[in-house]
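One line per chain: the protein sequences are D and E, in this order. Under numbering that gives the first Met the number 0, the first sequence has 219 at position 220, and the numbering climbs by one with no breaks. Under numbering that gives the first Met the number 0, the second sequence has 256 at position 257, and the numbering climbs by one with no breaks. Ideal placement from N, C-alpha and C gives every residue a C-beta, glycine not left out. Structure first, then comments.
Protein chains: 2
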Amino acid sequence: MGSSMPSPKYLTGDVSAINEFIDRFDVFLLDCDGVIWSGDHVFEGVVETLELLRSRGKKTVFVTNNSTKSRQEYLKKFTGLGIPSNVEEIFGSAYSSSIYISRILKLAPPKNKVFVIGEAGIEHELKSEGISFIGGTDPAYRRDITPEDFKGLADGSLLDPEVGCVLAGLDFHINYLKLSHALQYLRRGAVFLATNVDSTFPMSHGFFPGAGGISMPLVYSTGQKPVALGKPSQAMMDAVEGKFQLDRERTCMVGDRLDTDIKFGIDGKLGGTLAVLTGVSKKEQWEATDAVAVPAYYVDKLSDLYAAAARQ
Amino acid sequence: MGSSMPSPKYLTGDVSAINEFIDRFDVFLLDCDGVIWSGDHVFEGVVETLELLRSRGKKTVFVTNNSTKSRQEYLKKFTGLGIPSNVEEIFGSAYSSSIYISRILKLAPPKNKVFVIGEAGIEHELKSEGISFIGGTDPAYRRDITPEDFKGLADGSLLDPEVGCVLAGLDFHINYLKLSHALQYLRRGAVFLATNVDSTFPMSHGFFPGAGGISMPLVYSTGQKPVALGKPSQAMMDAVEGKFQLDRERTCMVGDRLDTDIKFGIDGKLGGTLAVLTGVSKKEQWEATDAVAVPAYYVDKLSDLYAAAARQ
C-alpha cells in the first residue's frame with residue numbers, strides 16, 4: 000500500500016468509532032451477496048443491523064450485480080428471508096442495464112431489439128422499460144446447436160434483423176447455441192453490453208462462474224469488451240444518484256469485493272466505503288501494494304455495526 | 000512490418016516459384032479448417048494438390064486444433080470427403096493433449112483422473128493412452144444445474160477426489176454445470192489444460208465460438224491460464240517431431256491463421272511457412288506493423304500449388 004494511502008479503520012468492537020461512522024452518513028448502499036447473505040443463508044444479526052440503521056434515519060439501498068433476479072423477485076427473496084424491504088430500495092444490474100438501454104442507448108428502429116443471454120430478472124426489467132428482446136429464457140434457445148443452426152447463423156437467415164444490442168448477464172442455462180447467436184449479432188455490429196463482469200458468483204459458501212465468465216467467450220472471439228452496467232461501472236452510480244437524489248459525501252458503500260463494491264464507492268467519490276469480510280475479498284488483498292481499491296473502513300461482518308446499539 | 004522482416008513471397012500463378020517452393024521441403028504440415036475445407040465443404044482442387052505433393056515424394060501431415068474429433072473420426076471425414084489419408088498422418092489437439100498427459104504430466108494416483116470439457120474426440124484419444132476421465136459427453140453432465148449441485152459442489156461432496164487435471168476443448172454442449180465442476184476442481188489444485196485456445200471455430204463459411212472461448216470463463220474466474228496443447232504450442236510441435244522424425248529445416252507449415260498456424264511454424268523454426276487466404280487471416284493482418292506472425296510464402300488458395308503440375 001502506498002504511503003499516501005491511509006490504512007482502513009477497523010470498526011469491529013469499537014463502539015464509539017462505530018457510532019461516529021454511522022453519524023457520518025445519511026445513505027448506505029449495500030451489496031447483497033457476501034454482505035447480507037450467501038445464497039439463501041442470511042448472516043446472523045443482519046436484520047437487526049438494518050433496523051438499527053433505519054431507526055437512526057438512514058436510508059438503505061441494496062445495490063447488487065446479480066442480474067438473475069428482477070427487483071420484484073429480489074423483494075420476494077428479502078421478504079422470504081425475513082428482511083423488511085421494498086422495491087424502491089432495490090437496485091440490481093438488470094435494472095441498471097434496462098435504464099441504460101432505454102434512456103442512454105435509445106436504440107432506434109429498425110435495430111431496437113436486444114438479444115439477451117441471462118435469466119428472467121433481465122427480461123422483467125427490460126419489459127418494465129418497454130424494451131423488446133429475444134433470447135433469454137425462451138426455450139427455443141435452450142437446446143443443442145444443429146447443422147441447420149450453423150448454416151442459418153453463418154448466412155444470417157436465422158438472425159433477427161432488428162437486433163441492435165447483445166446484453167449478457169449471469170445465465171445458468173448458457174449454451175453454445177446462445178453464444179453462437181450472440182457472436183453473430185456482435186459481428187454484425189450490435190452494441191455489446193454486460194449486466195456486470197463479476198468473475199465469480201458466491202453460492203452455498205462456494206464460488207461459481209460469475210456473469211463475467213458468461214461474456215468472456217464473446218470478448219475472446221470478437222476482441223470487443225462490453226460496456227458493463229454493474230458495479231464498479233459509474234453508469235450504475237449515476238442511475239442510483241438520479242433515482243435517490245443522494246448527497247455523495249453523505250453516502251457510504253458497503254460491500255465484500257474490492258474490485259466491484261469498494262472500487263464503485265471510491266470511483267463514485269462517495270464519503271466512505273466499508274468492507275466486510277464475509278464474502279470474496281480478504282484483508283490481505285487491500286494490504287497488497289497492487290490493491291485494486293482500499294476501503295476507508297472495515298468490519299469482520301456487517302452485524303458488528305449493531306454493537307453501536309449498546310450506547311443508545 | 001519492420002524493415003528487417005522480408006515480405007512474404009506470393010506464389011499464386013508463378014509456376015517456377017511454386018516448383019522451387021515444393022522442392023525446398025520433404026514434409027508439409029497442413030492445417031485443415033480453412034485450408035483443406037470449411038466445415039463439410041472441401042475446397043476445389045485440394046485433392047489433386049495433395050496427390051501432386053505425395054507424387055513428388057512429400058510427406059503430408061494434417062495438424063489440426065479441432066479437438067472434437069479423434070484421429071479415427073478425422074480419417075472418416077477425410078474418406079467421406081474423398082481425400083485419401085490414413086490415421087498415422089493425422090495429428091489433432093485431442094491426441095496431442097492425451098500424449099502430453101500420459102507422457103509429460105504423468106499424473107500419479109490417487110489424483111490421476113481428468114475432468115473433460117469437450118466432445119467425443121477427446122475421450123477417444125484419452126482412452127487410446129489409457130487415461131481415466133469423467134465429464135465429457137457423459138449425459139449426467141448435460142443438464143441444468145440444481146440447488147443440490149450448488150451445495151454439493153461448494154462443499155466438495157459431489158466432486159471426484161481422484162481428479163487431478165481439467166482438460167477443456169471445444170464443447171458444443173457447454174453448460175453452467177460443467178463449468179462449475181471444472182471451476183471447483185481448479186480451485187482445489189487440478190492442473191489446467193486446454194486442447195487449444197482458438198478464438199473462433201470456422202463452420203459453414205461463418206465463425207463460431209472457438210475452444211478458447213470455452214476455457215475463458217474458467218480463466219476469468221480462477222485467474223489461471225491453461226497450458227494449451229494445440230498450435231501454436233510447441234508441445235504440439237515436439238510431439239509431431241517425435242512421431243515423424245522430421246527435419247525441421249525441410250518442413251513447411253501450411254495454414255490460414257497467423258496466430259496459430261504461422262506462429263506455430265515460426266516458433267518451431269521450420270524451414271518455411273505458407274499462408275492460404277481461404278480461412279481466418281487476411282493479407283492486411285501480416286502487413287500490419289504489429290502482426291503476430293508473418294509467413295514466408297502465401298497463395299490465394301492451397302490448390303494454386305497445383306499449377307506446378309503444368310511444368311512436370
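Item: Sequence-distant residues of the same chain with beta carbon closer than 8 Å to VAL321/E, five excluded per side; Value: An answer regarding residue 321/E cannot be provided, because it is not within the stretch 0 to 311 covered by chain E.
Item: Closer than 8 Å to chain D by CB, SER2/E; Value: Low per-residue confidence applies at SER2/E: pLDDT is 44, beneath 50, and the placement is therefore not dependable, though the value from the model is reported in the following sentence. No, SER2/E lies away from the interface with chain D (no Cβ there is under 8 Å from its Cβ).
Item: Residue range of the beta strand (DSSP E) that includes ALA167/D; Value: 162-167
Item: Supposed close pair PHE263/E, LYS230/E - CB separation, criterion 8 Å; Value: 4 Å
Item: Rounded straight-line distance, which links the Cα of PRO146/E to that of LEU178/E; Value: 15 Å
Item: Sequence-distant residues of the same chain with beta carbon closer than 6 Å to HIS172/D, five excluded per side; Value: ARG141
Item: Spatial distance of GLY318/D from PRO160/E (CA atoms); Value: With chain D represented from 0 up to 311, any question about residue 318/D goes unanswered, as that position is not in the structure.
Item: Residues within the segment 155-177 of chain E neighbouring chain D, beta-carbon criterion of under 8 Å; Value: ASP170, PHE171, HIS172, ILE173, ASN174 and TYR175
Item: Assigned exposure category for ASN64/E - 16 Cβ within 10 Å defines buried; Value: buried
Item: Closer than 9 Å at the beta carbon, the chain E residues around PHE206/D; Value: ALA153, LEU182, GLN183, ARG186 and SER220
Item: DSSP bridge partner residues for HIS40/D (one or two, in chain order); Value: SER37/D
Item: Cβ pair THR59/D, SER302/D closer than 8 Å; Value: no
Item: PHE206/D - containing beta strand (DSSP E), residue span; Value: 205-208
Item: Residue closest to GLN233/E, alpha-carbon to alpha-carbon, out of ALA290/E, ASN195/E and PHE20/E; Value: ASN195/E
Item: Validate contact between the segment 203-220 of chain E and the segment 208-222 of chain D using beta carbons, cut 8 Å, 3 pairs; Value: yes
Item: Residues sharing a beta bridge with LYS105/D, DSSP; Value: For LYS105/D, which the question treats as bridged, DSSP gives no partner whatsoever.
Item: Same chain only: Cβ atoms within 8 Å of MET235/D, ignoring 5 sequence neighbours per side; Value: VAL62, PHE90, SER92, SER95, LEU228, GLY229 and PHE263
Item: Span separating the alpha-carbon of ALA139/E from that of THR67/E; Value: 19 Å
Item: Neighbouring residues, chain E, relative to ILE130/D (Cβ below 8 Å); Value: What ILE130/D touches in chain E: nothing, since even the nearest Cβ is about 25 Å away.
Item: Of the residues VAL239/D, HIS40/D and GLY155/D, the one placed nearest SER203/E, counting alpha carbons only; Value: GLY155/D
Item: When SER15/E, LEU257/E, TYR296/E and ASP148/E are compared against GLY270/E, the one with the closest alpha-carbon; Value: TYR296/E
Item: Contacts of GLY135/E in chain D (Cβ-Cβ under 7 Å); Value: By Cβ distance, chain D contributes nothing, its closest Cβ being about 15 Å from GLY135/E, past 7 Å.
Item: GLY1/D burial status per 10 Å Cβ neighbour count (16 or more: buried); Value: With a pLDDT of only 43 at GLY1/D, under 50, the local geometry of the prediction cannot be trusted, and the value read off the model is given with reservation. Exposed.
Item: Under 7 Å by beta carbon: chain E residues contacting GLY211/D; Value: TYR219
Item: Cβ-based neighbour list, LEU304/D, same chain, cut-off 6 Å, excluding 5 preceding and 5 following; Value: ILE17 and THR48
Item: Straight-line Cα distance separating GLY79/E from PHE27/E; Value: 22 Å
Item: Helix, strand or coil at ALA274/D [DSSP, three-state]; Value: strand
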